[in-house]
Amino acid sequence: MTGSLYEEVQHFYGRQMRHLDEGEVTEWAATFTEDGVFAANARPHPQEGRAAIEQGAREAAQRLADAGIRHRHWLGMLEVAAQPDGLVLAKTYALIVATPKGGPAAVHLSCSCEDQLVRVDGELKVRHRRVHRDDLPA
Amino acid sequence: MTGSLYEEVQHFYGRQMRHLDEGEVTEWAATFTEDGVFAANARPHPQEGRAAIEQGAREAAQRLADAGIRHRHWLGMLEVAAQPDGLVLAKTYALIVATPKGGPAAVHLSCSCEDQLVRVDGELKVRHRRVHRDDLPA
Amino acid sequence: MTGSLYEEVQHFYGRQMRHLDEGEVTEWAATFTEDGVFAANARPHPQEGRAAIEQGAREAAQRLADAGIRHRHWLGMLEVAAQPDGLVLAKTYALIVATPKGGPAAVHLSCSCEDQLVRVDGELKVRHRRVHRDDLPA
Chain A
1 MTGSLYEEVQ
11 HFYGRQMRHL
21 DEGEVTEWAA
31 TFTEDGVFAA
41 NARPHPQEGR
51 AAIEQGAREA
61 AQRLADAGIR
71 HRHWLGMLEV
81 AAQPDGLVLA
91 KTYALIVATP
101 KGGPAAVHLS
111 CSCEDQLVRV
121 DGELKVRHRR
131 VHRDDLPA
Chain B
1 MTGSLYEEVQ
11 HFYGRQMRHL
21 DEGEVTEWAA
31 TFTEDGVFAA
41 NARPHPQEGR
51 AAIEQGAREA
61 AQRLADAGIR
71 HRHWLGMLEV
81 AAQPDGLVLA
91 KTYALIVATP
101 KGGPAAVHLS
111 CSCEDQLVRV
121 DGELKVRHRR
131 VHRDDLPA
Chain C
1 MTGSLYEEVQ
11 HFYGRQMRHL
21 DEGEVTEWAA
31 TFTEDGVFAA
41 NARPHPQEGR
51 AAIEQGAREA
61 AQRLADAGIR
71 HRHWLGMLEV
81 AAQPDGLVLA
91 KTYALIVATP
101 KGGPAAVHLS
111 CSCEDQLVRV
121 DGELKVRHRR
131 VHRDDLPA
């Protein structure tokens with residue numbers, strides 16, 4: 001690929017969220033830095049570090065599998081700002097679409113997402129993610 | 001950014017619709033030209049000029065705030081065609097997702113959107129926007 | 001346009017799905033190769049060849065017109081991998097939004113999509129598409 005940073009972030013998100021939605025939780029956790037933080041207004045405490053991020057994804061994947069529900073995470077309306085120190089700030093909207101086996105698909109959650117991305121060995125990783133669910137208070 | 005026109009339009013839409021959804025109505029209006037026109041099959045008359053576009057957004061933002069509803073405008077499935085005179089024609093699908101405080105997110109409206117974009121001091125601005133709500137007659 | 005392959009695929013999908021949603025079934029079929037295959041877990045047999053793909057779209061368009069329903073196909077979360085032989089593998093999520101005349105828009109289906117794209121006279125075409133509806137078994 002010879003694209004720009006903007007496109008690289010789009011591509012990164014395609015890979016990253018597919019890992020999550022396919023239950024590839026180790027690969028999902030590896031899209032964060034070792035000390036990556038995943039904060040959300042839906043949780044009292046952020047997930048801190050890859051092991052916690054992987055464990056959180058594993059539990060969520062199990063709950064979905066038990067319930068027979070497929071989630072699809074869409075990130076869109078991307079804004080990217082490269083900082084002088086190499087940090088990349090990325091803002092997106094996030095839409096989670098849920099489909100039960102044999103049942104109707106529906107919007108599950110609407111969120112906004114703010115990422116701090118850094119390069120590790122040339123690849124983008126999330127160092128800090130903050131997800132804000134639109135139905136919950138800030 | 002060193003991306004293409006296609007990407008520039010994607011990025012522009014990310015900024016523009018976030019302004020609208022965050023209630024930044026002056027910044028939203030500034031993404032149109034001074035004489036910009038915002039036409040929609042949901043309205044009997046187009047909004048003409050930045051002041052009218054800002055006022056329309058202000059009233060809509062107030063209605064949403066009063067109702068405790070957050071809107072997220074997604075633009076996607078972009079097609080871009082640069083004209084010889086510098087005009088940029090951009091077609092998108094638009095999805096409005098609504099989330100009431102404490103309540104479930106849902107698709108609010110599905111639309112198509114046709115923009116005429118021009119450059120003002122190097123920056124893209126909307127000179128004419130036509131939004132077509134899929135539930136209403138043309 | 002001077003963009004990358006990733007962007008070219010995004011642009012291609014914008015054109016392609018708009019053809020489908022606007023009922024331009026000949027133009028839709030022309031986005032596949034002459035021997036293109038469109039497989040889906042919702043159908044017992046794939047559509048094979050442009051004529052079958054066009055006929056399938058024509059029947060679907062007629063059913064939607066009879067029912068007064070507008071579909072919008074969104075493809076997103078794109079991953080692209082160019083193969084050494086020129087084949088382009090593209091993975092997306094697909095969301096179909098349905099709007100009845102005068103009625104509320106809603107998510108109709110959530111799917112994943114895997115395409116094999118090739119160049120014919122310089123233009124991308126779908127040689128093979130596999131769509132997986134999330135509500136149905138693999």
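Residue numbers (UniProt numbering), protein chains in the order written: chain A, 1 to 138; chain B, 1 to 138; chain C, 1 to 138.
Glycine is no exception: its CB is placed at the ideal position from the N, C-alpha and C atoms.
Owing to the predicted nature of the structure, the values given are computational and were not obtained by experimental measurement.
Query raised in the report: Among Gly23(C), Ala61(C), Thr33(C), which one has its Cα closest to the Cα of Glu123(C)?
Result: Considering only alpha carbons, the answer is Thr33(C).
Query raised in the report: Out of curiosity, what's the CA-to-CA distance linking Glu8(A) and Ala65(B)?
Result: Each residue's alpha carbon lies about 36 Å from the other.
Query raised in the report: What's the gap between the Cα of Met1(C) and the Cα of Gln10(A)?
Result: Any answer about Met1(C) is weak, because its pLDDT of 40 lies below 50 and its placement is not dependable; what the coordinates show is given next. The alpha-carbon atoms of Met1(C) and Gln10(A) are separated by roughly 19 Å.
Report task. Look up Ala60(C) in the DSSP assignment and give the residues it is bridged to. Result -> Under DSSP, Ala60(C) takes part in no beta bridge, so it has no partner.
Query raised in the report: In chain order, which continuous runs of the alpha helix (DSSP H) of length 4 or greater are located wholly inside the UniProt domain "SnoaL-like" (6-130) of chain A?
Result: Assignment of alpha helix (DSSP H) within the UniProt domain "SnoaL-like" (6-130) of chain A, counting only whole runs of 4 or more residues, yields 25-29, 50-67 in chain order.
Query raised in the report: Cα separation between Arg58(C) and Gly68(A)?
Result: Computed Cα separation, rounded: 34 Å.
Query - Contacts that Tyr93(C) makes with chain A (C-beta to C-beta distance below 9 Å) - result: Those are Gly14, Met17, Arg18, Asp21, Arg72, His73, Trp74, Val97, listed as they occur along chain A.
Query - Contacts of Glu114(C) in chain B (Cβ-Cβ under 7 Å) - result: Close partners of Glu114(C) in chain B (Cβ separation under 7 Å) are lacking, with about 19 Å as the shortest Cβ gap.
**Report entry** Distance between Phe12(A) and Arg119(A) (C-alpha atoms, nearest Å)
**Finding:** Distance between Arg119(A) and Phe12(A), taken at the CA atoms: about 12 Å.
Query raised in the report: With 16 other CB atoms within 10 Å as the buried threshold, where does Gly102(C) fall?
Result: It counts as exposed.
Query raised in the report: CA-CA distance, Ala40(A) and His132(A)?
Result: Cα-Cα distance, rounded: 6 Å.
Query raised in the report: Do the stretch 85-95 of chain C and the stretch 77-91 of chain A meet, that is, are 3 or more Cβ pairs less than 8 Å apart?
Result: No, because fewer than three Cβ pairs between the stretch 85-95 of chain C and the stretch 77-91 of chain A fall closer than 8 Å, the two stretches do not touch.
Requested in this report: Could you check the C-alpha separation between Arg63(C) and Cys111(C) for me, to the nearest Å?
Outcome: Between Arg63(C) and Cys111(C), the C-alpha separation is close to 20 Å.
Query raised in the report: Taking C-beta to C-beta, are Lys91(A) and Arg18(B) nearer than 8 Å?
Result: The answer is yes: Cβ separation under 8 Å.
Query - chain A contacts from the stretch 33-64 of chain B (Cβ-Cβ distance under 8 Å) - result: Taking 8 Å as the cut-off between beta carbons, none of the residues of the stretch 33-64 of chain B comes near chain A.
Query raised in the report: Does Met1(A) have its Cβ less than 8 Å from a Cβ in chain C?
Result: For Met1(A), the predicted structure reports a pLDDT of 40, less than 50, and the residue's modelled location is therefore unreliable. The matter cannot be settled from this model.
Query raised in the report: Do you know how far the Cα of Gly23(A) is from the Cα of Asp134(A)?
Result: Approximately 25 Å, taken between the alpha carbons.
Report task. Pick out whichever of Trp74(B), Val80(B), Leu117(B) has its Cα sitting closest to the Cα of Ala94(A). Result -> The shortest C-alpha to C-alpha distance from Ala94(A) to any of Trp74(B), Val80(B), Leu117(B) is the one to Trp74(B).
Query raised in the report: Is any beta-carbon of chain C found at less than 8 Å from that of Val107(B)?
Result: So yes, Val107(B) belongs to the interface.
Query - Cβ of Asp134(B) within 8 Å of any chain C Cβ - result: At least one chain C Cβ lies under 8 Å of Asp134(B).
Query raised in the report: Whose Cβ in chain C lies nearer than 9 Å to the Cβ of His11(A)?
Result: Chain C residues near His11(A): Tyr6, Leu78, Glu79, Val80.
Query - Closer than 8 Å to chain C by CB, Lys125(A) - result: It does not: the Cβ of Lys125(A) has no partner Cβ on chain C nearer than 8 Å.
Query raised in the report: Any C-beta of chain A sitting closer than 8 Å to the C-beta of Gly103(B)?
Result: At a cut-off of 8 Å between C-beta atoms, Gly103(B) counts as an interface residue with respect to chain A.
**Report entry** Alpha-carbon to alpha-carbon, Ala98(A) and Asp35(C)
**Finding:** Distance between Asp35(C) and Ala98(A), taken at the CA atoms: about 34 Å.
Query raised in the report: Got a sec: is the Cβ-Cβ distance from Val118(C) to anything in chain B below 8 Å?
Result: At a cut-off of 8 Å between beta carbons, Val118(C) makes no contact with chain B.
Query raised in the report: Rounded to a whole number of angstroms, what is the C-alpha to C-alpha distance between Glu48(A) and Ala61(A)?
Result: Straight-line Cα distance between these residues: approximately 19 Å.
Query - Neighbourhood of Tyr6(B) by C-beta distance below 6 Å, restricted to the same chain and skipping five residues each side - result: Spatial neighbours of Tyr6(B) in its own chain (CB-CB distance under 6 Å, excluding positions within 5 residues in sequence) are listed in chain order as Val80.
**Report entry** Cβ neighbour criterion (16 or more within 10 Å) applied to Ala138(B)
**Finding:** Ala138(B) comes out exposed.
Query raised in the report: Which residue from His108(B), Val107(B), Leu109(B), Arg129(B) puts its Cα closest to that of Asp115(B)?
Result: Considering only His108(B), Val107(B), Leu109(B), Arg129(B), the residue with the shortest C-alpha distance to Asp115(B) is Arg129(B).
Report task. Within its chain, find whatever has a CB closer than 7 Å to the CB of Val107(C); leave out the 5 residues flanking it on each side and keep chain order. Result -> Excluding residues within five positions, the ones whose Cβ falls inside 7 Å are Leu95, Val97.
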